[in-house]
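Engineer: Residue numbers (numbering that gives the first Met the number 0): 0 to 591. Glycine residues also receive a C-beta, built at the ideal position from the N, C-alpha and C atoms. None of the values given here were measured: they were computed from a predicted structure. Handing you this structure, nothing more for now.
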Amino acid sequence: MKKLHTLATNIKYLNNGSWDTLDFLQDCIKKKSMASGKNIHAHIIKTGISNDVLVGNNLINMYAKCCSLKDSRQLFDQMPERNLVTWNTIIAAYAQSGNGIEAIDVFWKMQQEGVRQDMFTFTSAIQACALAAALREGRQIHTLIVKILVEFNVFVESSLVDMYAKCGSTEDARKVFDKMPERDLVSWNAMIAGYAANSEDEEALDIFRQVQRVDMNQNQFTLSSALRACASLADLQEGVQVHSVATKSGFQSHVYVGTALVDMYAKCGSIKDAYTVFDRMPERNVAAWNAMIKGFAHHGRGNETLQIFEQMQQAGMKPDEITFVCVLSACSHAGLMNEGQHYFDSMMQDYGITPNIRHYACMADLLGRGGCLQEAEDLINKMPFEPNAAIWGSILGACRIHDNMELAGRAAERLFELEPKNAGNHVLLSNTYAAAGRWDDVEKVWKLMKDSGAKKDIGLSWIEAKSKVHVFVVGDRSHPLTEEIYSKLERLIQQMKESGYVPKTNFSLHDVEEQQKEHLLGYHSEKLALAFGLLIIPIEVTIRIKKNLRMCGDCHTAFKFISNIAMREIIVRDTNRFHHFKNGVCSCGDYW
């Protein structure tokens, strides 16, 4: 600061004012000292060097780095002379501060005034397109680059890869990436992150493996993107391998990587490993706490969720909107009605967070699951927003559990308006009527679904064994081990019945005789996947099954019996949550 005060008193005596002033401006930029920068600006005006384009450029940069884009733009607009650096400075200032649209506007203005752009112009403009998800403008700028730049370089090409990926066009990103004569870590990371962000997870992991083969050092961004892909695929084996790479490269303790590891293990069904990573993290930000809270919530660990939430507050970390979505979701899955209402009320009272539609959806689900359907409907009617399909879907699901046909009809009517092509809503209403034995209404719903053009999703269950994924559908007989699978399942059914299992035929949603219902229940896709797993997977290894629909109540009961009979731990991930079966009980406590 002494140097800055010296400038204030001695600037009028400087022989070469502009060059000395630049040094002082650089000090302001490093220290992000707006007050000192304005003081220097005032003296620049007094000394008559304000029209110096070099000084002007540095002033624009100083204000931008001190988070005053308004002053930067005002200087830019008032400057009697602008050179290439002037334009590049203001475009970069907008892009680096997250104002992509403004940066693009200045870029086109530069183009209209005939100022020739260079590599730095294009790099900032491409970054701006990535920020604004402006694919059309990004392609136009790419065309200009091809016309104007004699030679591409790795910075421009990496920016193009990143821009196309963030705009959702991984195909274009890959074309640029494949043509690059030289790739730096930024380009590799952009490609991995782009695939992961666009749910092309296998491709993301393929690029990650290529990074390993070319022996390029990874950083926290490489590893966190790869872990994100593993989490999306629920690929525990691949996730463990990425974890090993993170440990060897020394990035395991980085907060981004640690958070990604917690999320990966939780989504792969290994909540214990998720907590182990979380517990060992030397530094935790809000995202890390949220990942652990969300993980416990997804696994139905309501009490653990609330314990972690309390620890988060004790650590002085302020929860955000996402934190409360996770907490309320955990209360809903665990049936913690009083706790859920308390935390919903405390959002605004204690933290000043206004509940959004996701928080209201959690509360509607909490009340509905708990049988308080009238209270749930009252909450929906009082919401400051129009209820969405997720809210009405949770109400319809609750109506099926609690046999409220009247509200089910109203909820379904709203769902059909919001999502006319979603067959899942028709199926849920049909199942609600079928469980109540209202077969005429079931037939009407199926006709309505057919007339709407909606198509029902086929129920699938899959299991990985020996690095291969095996997929099953109800009554599936296509697997090479079909005879062994059915034989194993039939023996299990007999053993279960001897242990007291009674098939829950109300979950067989067909108007047929009880014996036929029992037969149909016996060969649901998850039961076939489990029988296969018991045949193939070593006894010391946990059996992990994934399902694209909600697990049916009869299968849930059967899995509890089988976990006890076979003395195996079984983890099932359906569309709603994880179920951990062991010693004849499920982690959900039969509340889901």
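Beta-carbon within less than 8 Å of K317's beta-carbon, same chain only, minus the 5 sequence neighbours each way: which residues are those?
Structural biologist: As a working note, residue 317 is residue 318 in the sequence shown. So the list reads V285 and Y350, once near-sequence residues are dropped.
Engineer: State yes or no: is the C-beta of A228 within less than 8 Å of the C-beta of V261?
Structural biologist: For the purposes of this step, residue 228 is taken as residue 229 along the sequence shown, with counting starting at 1. For the purposes of this step, residue 261 is taken as residue 262 along the sequence shown, with counting starting at 1. The answer is no: Cβ separation not under 8 Å.
Engineer: So, are the CB atoms of F323 and I352 less than 8 Å apart?
Structural biologist: Your numbering for residue 323 matches position 324 in the sequence shown. Your numbering for residue 352 matches position 353 in the sequence shown. Going by C-beta atoms, F323 is nearer than 8 Å to I352.
Engineer: Taking contact to mean 3 or more Cβ pairs, one atom from each stretch, closer than 8 Å, check whether the stretch 476-494 and the stretch 537-545 are in contact.
Structural biologist: no
Engineer: Give me whichever residues DSSP pairs with N585 in a beta bridge.
Structural biologist: The sequence position of residue 585 within the sequence shown is 586, counting from 1. Looking at the sequence itself, residue 585 is Cys, so the reference to Asn does not match. Answer is F580, bridged to C585.
Engineer: Do T122 and V155 come within 8 Å of each other at the CB atom, strictly closer than that value?
Structural biologist: Locating residue 155 in the sequence shown gives position 156, counting from the first residue. Locating residue 122 in the sequence shown gives position 123, counting from the first residue. Yes, the Cβ-Cβ distance between V155 and T122 is below 8 Å.
Engineer: Does the Cβ of D510 have 16 or more other Cβ atoms within 10 Å, making it buried, or fewer, making it exposed?
Structural biologist: In the sequence shown, counting from the first residue as 1, residue 510 sits at position 511. With a pLDDT of 46 at D510, under the threshold of 50, the modelled position of that residue is not reliable, and the figure given next carries that caveat. Classified as exposed, D510 has fewer than 16 neighbouring CB atoms from the shown chains inside 10 Å of its CB.
Engineer: In three-state DSSP terms, what is K610?
Structural biologist: Since the first residue shown for the chain is 0 and the last is 591, residue 610 is missing from the structure and cannot be characterised.
Engineer: Measure the C-alpha to C-alpha separation of A410 and H401 and round it to an integer number of angstroms.
Structural biologist: In the sequence shown, the residue the question calls residue 410 occupies position 411. In the sequence shown, the residue the question calls residue 401 occupies position 402. So the two alpha carbons sit approximately 14 Å from each other.
Engineer: Going by C-alpha to C-alpha distance, which of Q306, F119, A94 and C267 sits closest to I462?
Structural biologist: Position 463 of the sequence shown, counted from the start, is the residue given in the question as residue 462. I462 has its Cα closest to that of C267, out of Q306, F119, A94 and C267.
Engineer: Less than 8 Å between the C-beta atoms of H298 and I321, yes or no?
Structural biologist: Here residue 298 corresponds to residue number 299 of the sequence shown, with the count starting at 1. Here residue 321 corresponds to residue number 322 of the sequence shown, with the count starting at 1. No; because the gap between Cβ atoms is not below 8 Å, this pair is not in contact.
Engineer: Excluding the 5 residues preceding and the 5 following G370 in the sequence, name in chain order all residues of the same chain whose CB lies nearer than 6 Å to its CB.
Structural biologist: By 1-based counting over the sequence shown, the position of residue 370 is 371. Result list for G370: H401, in chain order.
Engineer: With respect to the beta strand (DSSP E) encompassing K546, which residues constitute its N-terminal and C-terminal limits?
Structural biologist: Locating residue 546 in the sequence shown gives position 547, counting from the first residue. Looking at the DSSP string, the run of the beta strand (DSSP E) that includes K546 is I542 to K546.
Engineer: Taking 8 Å as the cut-off, does the stretch 556-565 touch the stretch 494-503 (at least 3 CB pairs, one atom from each stretch)?
Structural biologist: Because the criterion of three Cβ pairs below 8 Å is met, the stretch 494-503 and the stretch 556-565 touch.
Engineer: So what's I538 in DSSP terms, helix, strand or just coil?
Structural biologist: The residue given as residue 538 occupies position 539 in the sequence shown. Residue state, collapsed to three classes: coil.
Engineer: Please classify R182: does DSSP put it in a helix, a strand, or coil?
Structural biologist: Taking the sequence shown and counting its residues from 1, one reaches residue 182 at position 183. The answer is coil: DSSP assigns R182 none of H, G, I, E or B.
Engineer: Pull the bridge partners of W591 from the DSSP assignment, please.
Structural biologist: The count along the sequence shown starts at 1 and reaches residue 591 at position 592. BP columns for W591 are empty, so no partner.
Engineer: Does H321 come out as helix, strand or coil in the three-state DSSP assignment?
Structural biologist: Numbered from its first residue, the sequence shown carries residue 321 at position 322. Rather than His, the amino acid found at residue 321 in this sequence is Ile. Correct three-state label for I321: helix.
Engineer: So is S466 buried or exposed if we call it buried at 16+ other beta carbons inside 10 Å?
Structural biologist: Numbered from 1 along the sequence shown, position 467 holds the residue referred to as residue 466. The residue in question, S466, is exposed, as its Cβ has fewer than 16 Cβ neighbours within 10 Å.
Engineer: Which residue comes first and which comes last in the beta strand (DSSP E) that contains I59?
Structural biologist: Residue mapping note: residue 59 aligns to position 60 of the sequence shown, counting from 1. It is not in any beta strand (DSSP E) - I59 instead sits in the alpha helix (DSSP H) that spans V52 to K64.
Engineer: Whether or not the stretch 468-478 and the stretch 440-447 are in contact is what I'm after, with contact meaning three or more pairs of Cβ atoms, one per stretch, closer than 8 Å; do they touch?
Structural biologist: no
Engineer: I144 by DSSP, collapsed to three states: which one?
Structural biologist: The count along the sequence shown starts at 1 and reaches residue 144 at position 145. Correct three-state label for I144: helix.
Engineer: Have a look at the DSSP bridge pairing and note the partners of R572.
Structural biologist: As a working note, residue 572 is residue 573 in the sequence shown. Answer is K545 and F577.
Engineer: Give the range of the alpha helix (DSSP H) segment to which S486 is assigned.
Structural biologist: Within the sequence shown, numbered from 1, the residue matching residue 486 stands at position 487. Start and end: T481 to E497.
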